[in-house]
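Undergrad:
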Amino acid sequence: MKKLMCLVALVACGFALPTVSAQGGLQVEDAKLGKGVQDRNITEEATTFAVDDKVYLWLRVTGSAGSDSIKVNWKVDDSTDTVTLQIGGSPWRTWANKTAWKAGEWTVTVTDAGDQVLKELKFTVQ
857 MKKLMCLVAL VACGFALPTV SAQGGLQVED AKLGKGVQDR NITEEATTFA
907 VDDKVYLWLR VTGSAGSDSI KVNWKVDDST DTVTLQIGGS PWRTWANKTA
957 WKAGEWTVTV TDAGDQVLKE LKFTVQ
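If you read the sequence shown in this note's numbering, its first letter stands for residue 857, the second for the next number, and so on.
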């Protein structure tokens, strides 16, 4: 009986633990592009920007043990720029920004430390 109670307690504890993604790592649960961040939320959400606008990528990341990082890669034509963001817990909201210095079709790609793509968004600069 004592063993059964221990087993029930272990199973119950297992259900109470925070869950990590099925892949066992970070996940981008939400991603938005906009013209700013206020109170840790995106403002003026958009997918089209003017040259010299500052473009913000806002992310909600889950699955972190508290000491992970992600990379944000901004790309237009053959030009790329990458920044690293620290993820301090789960869930975690973070953001990056880039001045849209060139007109064209841009891609912003979020990857984990192993370069696995977590999210990719496209936007236009006119």
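Even glycine gets a Cβ: it sits at the ideal position worked out from N, Cα and C.
On a CA-only basis, which of Val-907, Asp-934, Arg-916 is nearest Ala-952? Give me that one, please.
TA: Counting from one through the sequence shown, the residue named residue 952 turns up at place 96. Residue Arg-916 is the option with its Cα nearest to Ala-952.
Undergrad: Using the three-state DSSP reduction, which class does Ala-887 fall into: helix, strand or coil?
TA: As a working mapping, residue 887 is identified with position 31 in the sequence shown. In the structure shown, Ala-887 sits in a strand (DSSP, three-state: E or B).
Undergrad: Just to confirm my understanding: we take Asp-908, look at its own chain, exclude 5 residues before and 5 after, and list those with CB closer than 6 Å. What are they?
TA: Within the sequence shown, the letter at position 52 stands for residue 908. Closer than 6 Å at Cβ, skipping near neighbours: no residue.
Undergrad: Assuming Asp-924 contacts Leu-974 under a Cβ cut-off of 8 Å, what Cβ separation, rounded to an integer in Å, is found between them?
TA: In the sequence shown, the residue the question calls residue 924 occupies position 68. In the sequence shown, the residue the question calls residue 974 occupies position 118. About 11 Å; that fails the 8 Å criterion.
Undergrad: Taking 6 Å as the limit between beta carbons, can you name the residues of its chain near Phe-979, skipping five residues before and five after?
TA: Sequence index remark: in the sequence shown, residue 979 carries index 123 (1-based). Answer for Phe-979: Leu-889, Thr-903, Trp-962, listed in chain order.
Undergrad: Quick one: what's got a C-beta closer than 7 Å to Thr-955's C-beta in the same chain, skipping five residues either side?
TA: Reading the sequence shown from its first residue, position 99 is the one you call residue 955. Within the same chain, Thr-955 has close Cβ partners Asp-908, Lys-910.
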